[in-house]
Structures are given as C-alpha cells and as structure tokens.
Amino acid sequence: MSGMTLTEKILARAADKPRVSPGENVWVNVDVLMTHDVCGPGTIGVFKKHFGPHAKVWDRHKVVIIPDHYIFTQDAMAHRNVDILREFAREQDLPYFYDVGSPRYKGVCHIALPEEGHTRPGEVLLGTDSHTCTAGAFGEFATGIGNTEAGFVMGTGKLWLKVPPTLRFVFHGQLPPYLMAKDLILAVIGDIGCDGATYKAMEFDGEAVYNLNIEERMTLCNMVIEAGGKNGVIAPDQVTLDYVNARNKSGRSYTPVYSDTDARYAAEYVYDVRRLEPIVAQPHSPDNKAPVSQVKGTRLDRAYIGSCTGGKLTDFRAAAQLLQGRSVRIDTFVVPATTEVTRGLDSERINGQTLREIFVKAGAKIGEPSCAACLGGPADTFGRLNAPLACISTTNRNFPGRMGHKEARVFLASPLTVAASALAGAIADPRDWLT
Amino acid sequence: MQSRITGRAYVLGDNIDTDQIIPAQYLTYNPAIPEEYRMFGKYALSGVPDDQAGLPKGHIPFHDPSDEFVSPYRIVVAGKNFGCGSSREHAPIALAAAGIQAVVAEFYARIFYRNAVNGGYLIPLESRQRLVDRICTGDELLIDLDAALLTNLTTGQTFELQPLGEVRPILEAGGLFPYARKAGLIR
C-alpha cells in the first residue's frame, strides 16, 4: 500500500478515515467557511430556505464573512448585498465579519484570511470564491464552492468532496531577480493548459518554492484554478509556521501534515527556474503563454497592479523597485488587496521613499483595497476596462470580458513585467529595466 | 428528473468561462430573490463574444426579441472545459433561468459541474466525442439519459454520452439538500 499525498492526508483526517484514495467521495468536516458580498447573499438565502428562517450556523467561530468585491461603487444593489451580510452577521453574532466602513474592513478575502489568522496547516477551508485555493500556501486544503454547497456547510459543517489525484510540480534552482512566483505559475498553466489540472490537486515543491516568501507562495497557489485545479498546496515549513503562529489570534491548535515519501502522484513536472524567462499570458486565456521576449513591444493602453494574485506588499515592492524615479507612459492603476497592504504602502520604503510616494511620483493612480477591476464589476469600478483597451495586469484571468469590456485585450504578467511595461508604454522585459 | 430532454441546441466553443456565461456586473442581483432570479435569464451568455455566439456561424442571439428573459433554446452544446473560471453559482442559475435544461460538453470545470449538480439546476452531460462541429445552433435534439444517447433530430445522427454515474442520484433527488435529506444526513 503506497503512502498518501498532503491533500489525501488532510481529506482523510477531515473525513475521520485512516486513508482515502483519489476518486473516492468522502464527507469532510469543514474548519473554516468563507463567503463575501457577491456569493454571501445567495448562500444565506440557501441556508435560510433549507434550515429555516431562525436557523443558526453550525459554528459561529468557523464562519468568516469578508465583503470585498463591489465596495467602492455607487451601485445600490451592491450596497444592498453588503447590508444582507451585515444583518446576517448581527443576527448570528458572528465574530469574524469584516464590515465595510468599519475599522475592521479588510478588502480581498484571500489575503484577509491569512492576515486575520484564519489559515492554518492541515485544515479544510471552503470559500464561495474560486481563488480560495490561495490558502493552500499554508499547507491546508482550500477550494472554491458554490452557494448551495456553502449554504449546506453553514448548516451542517460538512460537505461531500471527491478526493483529487495530485500533480506534483518541483522547482529547482535559485530564482533570478527578474522572476516572480507569477512567472512560475504562468509557465505551469501554459504548459499543462487551462484544463490541465481539472479535478486535480497541484502540489508545489523544490528549493525555489521554499525560498519564496509566504506572499509569493500564495501567488503560486492562487492561480491553480486557472489550470482547472481543485486545490494547490505547499507543505508547511518554518516560514509558514512563523506567519501562522504570529496571526492565529483565536489560538486554535492545528497539526501540520506532510506528504508521505512513497505518496503516489498522477504526474510530476520538474522545472529549473534559472532557465525560465518572464512569462506573459496573452488574450484571451491564462494558458496563452509567451516568453516576454516574444511579445515585447506590443502596444498597451493601461497597466493594472492589484487583486489577490498581484496586489500584495511583495507585488508592490517589486513594482516600486522599477517605478522609482521614473514616469509611467500609460494609465497605471495600483490597487492594494487589503487595508493592511495599504498601510504597507506608507510604511515600506525604498531608498527613503515610501511605496506610495514612488507610485504617485511615477504617475500611477492608487485605489481603495478591494477586488476592483480584476473582475470588472459595476461600471464605476476603479480601473475597470469600459472600452476595448489593451491592458497588462497582475491579476489572474483574461477570458473575454473579465476586466469589463468584452473586446478588451488583457495580458497577464508579474508585477515586475507590468511595471516595466507601464514605463515603456508597451510590453517590456523587466530585465531591461532592472538596474 | 425526466429521462428524456428535447429542444433546440445553442452551440458554443471551448473554455466558456463563467464571465461569459454571466458577466460580473450582473452578480449584484441576488438569486435567492425570485424577482431578481429572472434577471439572470436575461443576461445569460451575454458575455460571449458575438462571433462565438451560436456556432458554427456565430452572431446568433441567445434570446428571441419576443422574450428577453427565457431563451428559445433548451440545450447548450459546448466543447472543452465548460464553466471554467469563477465559483459563481450564478452561472448554472443563469442558464437554468434562461430555460436551459441540459448542457452537453466534452468536460467541465469542476466548480461549475458541482454547482449544476448540487443546486439541481440543469443536467451537465459529457459527450464521448466533440459535438461542436457536428451540431448546429438551432438543431432539434433528443437526449435519452437512460440510454446515455443524444440524437440530432435535424440530421438523424446519434451520439454516445458518458453515463451520469455517481451524480445521478443527486440530480434525481433535485440537488444536494433533497439528496442529503433522503439519505438521512439532514432533517
């Protein structure tokens, strides 16, 4: 009998079983359920319809509600949806509701979750958002679900899941300064296709992965959904544990889990990061991969740095490194993922200048922390593509219409490549701008 | 769940993501509120680029001018990776609100598939071969779920489908909640 992968082990424990195998359907106990303003109202509707108008959630300490999608908009329906969340949090006395307009407001849920100590190794985190897989960076099983499933979890704390086979991605070598986690995951998605990991887990390993800071590991796991992956996961190390222990305010105990040495993988992919180039995903699919040298010079109208994928402090530090003392040639939008990241723009300095000062001096516009234009949203959303523009972005998807206009052309790239392109006014190679 | 589904086909290509099925600006409607639910039918498939809408020719509107909420089509036929992208349950809801009873694709993105099944909105079927090049928008189709066959009544051709397998009991019950109740998992 072979061993189990990290993903199989977490699901086995969550299902109270000694072992599980890929393809098996199991009922798992959920450790954290997360929802937000776009899917929360529907989820609450499902919950009340099936468990009754006065039903209580299965465990009020395990339900986390983070409004983040349509926040800084005049759209009355969007405000109504946040009101539904607010009313539900009050009625259920939920301790983890990060309300809009309050000092607790956070911004993008996938970054807020770890910041507020809701991610722990070995746990099962389900969220009504496809990028819930981001939390796999903390050595847990994290995946996106729908409203019906989330409504079911709210009432029972359980859900049926099919155990996925695991693909293993090993990154050897030391990451060159012109590459970021975004380049690695765009390389993987380009290689296996945007359906290459459908129904599968993606486990990341290798010294290049363990040399990444926690935010970069989150970027890696964040985009597994763009290959169809069910979850992405990185085994916890000291970096993970230090981050989690510093933030685990509830003090809930957890048990890290690791893949067995004889675990069985459906496939293994090995990369030497020293041989990779910065990668750009061209319109209209995240798997439409090109090395930056092939698309260099492509004209652009706009650059966008933000989202759960590319709106963390590490992303802004990288972009600021190139933008310092220079001016952008196209409209450039900077959207911090969370309020904590926003504070970081004022506290982090490069050569004495804060990141905010660098961005403002370079001519970029800075928005409020939320999902903003990553997924288009209401017409008045900051940075939304309301015309058929060409945009290079640190976000995660470029299917038609994703950032607004369905004839807009969106190129996905790392914060370094996006910053270099903002300076050039066309797709640029960060190697030409790094000094 | 009926074992036979008939109706006209609306044909789409590969990687039809959830933003094409229901663009993000319409996610402010709450599907739990009946008056808002029908708005999802109105905007279903409105994100598909015009030249890809209704293959093989494209430029075929999903709705007739006579009804802005419910489409005259009953079955969506698509290629690979249908429903990729976000986890929004609004995607199968939008198709169902527009009157779609089944989707026949080569395979699905997993969240869309689970949402379609667990919500009991429509039947997500997998074809054994690529049908996008063999069925035209507007063709009259017959799906026999027991025999796992799709017949194009317009051309007389019959194609095999993958049996529904383990999700059939959930779909037959009408979704996750009625299934779990039947199985004694919830009251």
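Line by line, the protein sequences are chains A and B.
Position one of the first sequence corresponds to residue 9 (the numbering used here), numbered consecutively onward.
Position one of the second sequence corresponds to residue 41 (the numbering used here), numbered consecutively onward.
A virtual CB, placed ideally from N, CA and C, is assigned to each residue, including glycine.
The alpha carbon of A:V161 has as its nearest neighbour, out of A:K70, A:A416, A:S378, A:S293, the alpha carbon of A:K70. Residue burial is scored here from C-beta neighbours: B:A118 has at least 16 other C-beta atoms within 10 angstroms and is therefore classed as buried. Look at A:V288 here: in three-state DSSP terms it is strand. Secondary structure of A:C229 (DSSP, three-state): helix. With a beta-carbon spacing of about 7 Å, A:A209 and A:T13 fall inside the 8 Å limit used to define contacts.
In the same chain as A:I73, and ignoring 5 residues on each side of it, the C-beta atoms closer than 8 Å to its own belong to M42, T43, H44, G48, L93, F96, A97, L102, Y104, F105, Y106, in chain order. Where B:Y219 is concerned, the enclosing alpha helix (DSSP H) starts and stops at 216-222.
At a Cβ-Cβ threshold of 8 Å, A:K114 and A:E99 do not count as neighbours.
Here the stretch 108-122 of chain A does not lie against the stretch 107-124 of chain B, with fewer than 3 beta-carbon pairs under 8 Å apart. Separation of the CB atoms of A:W35 and A:W168 is rounded to 5 Å, and the pair is thereby assigned contact status at 8 Å. Out of A:V38, A:K17, A:C202, the CA that lies nearest to the CA of A:V28 is found in A:K17.
Residues of chain B with a Cβ closer than 9 Å to the Cβ of A:C399 do not exist; the shortest Cβ-Cβ separation is about 15 Å. Among the bridge pairs identified by DSSP, B:P164 is matched with B:V143. Below the 8 Å Cβ cutoff, chain B contributes no neighbours of A:T362, its closest Cβ being approximately 32 Å away. Not flagged as an interface residue toward chain A: B:Q202, since no C-beta distance is shorter than 8 Å. Checking the DSSP bridge columns, you'll see B:L189 partnered with B:D184, B:E200.
The beta carbon of B:E180 does not come within 8 Å of any beta carbon belonging to chain A, so the residue lies off that interface.
At a cut-off of 8 Å, the C-beta of A:T136 has a neighbouring C-beta in chain B.
Shown here, B:Y153 sits in a helix according to DSSP, grouped into three states. For the stretch 210-223 of chain B, residues whose beta-carbon sits nearer than 8 Å to a beta-carbon of chain A comprise G215, L216, F217, A220. When secondary structure is reduced to three states using DSSP, A:H180 falls in the strand class.
For the stretch 355-382 of chain A, the beta-carbon criterion of a distance under 8 Å to any beta-carbon of chain B is satisfied by none of its residues.
Between B:E146 and B:L201, the C-beta gap is not smaller than 8 Å, which leaves the two residues out of contact. Ranked by Cα distance from A:G50, the options A:A143, A:L133, A:C117, A:G159 are led by A:G159. Remark: fewer than three beta-carbon pairs, one from each stretch, lie closer than 8 Å, so the stretch 142-157 of chain B and the stretch 70-88 of chain B are not flagged as touching. Nearest C-alpha to A:A427 among A:G318, A:A381, A:R351, A:N219: A:G318. The C-alpha of A:V38 lies about 6 Å from the C-alpha of A:K166. By the Cβ criterion, the stretch 361-368 of chain A is not in contact with the stretch 135-149 of chain A, since fewer than three pairs of Cβ atoms, one from each stretch, lie closer than 8 Å.
With 16 or more neighbouring CB atoms inside 10 Å of its own CB, A:A430 falls in the buried class. Chain-order list of chain B residues neighbouring A:T164: A220, L225, I226, by C-beta distance under 9 Å. By the Cβ neighbour-count rule, A:G60 is exposed, with fewer than 16 other Cβ atoms within 10 Å of its own. Taken in chain order, the members of the stretch 287-309 of chain A whose beta-carbon sits within less than 8 Å of a beta-carbon on chain B are S293.
Of all alpha-carbon atoms in A:C229, A:S355, A:V300, A:L284, the one lying nearest the alpha-carbon of A:F149 is that of A:C229. For the pair B:L182 and B:T46, the CB atoms are nearer than the 8 Å cut-off. Secondary structure of A:L331 (DSSP, three-state): helix. Counting other Cβ atoms within 10 Å of its Cβ, B:Q65 reaches 16 or more and is therefore classed as buried.
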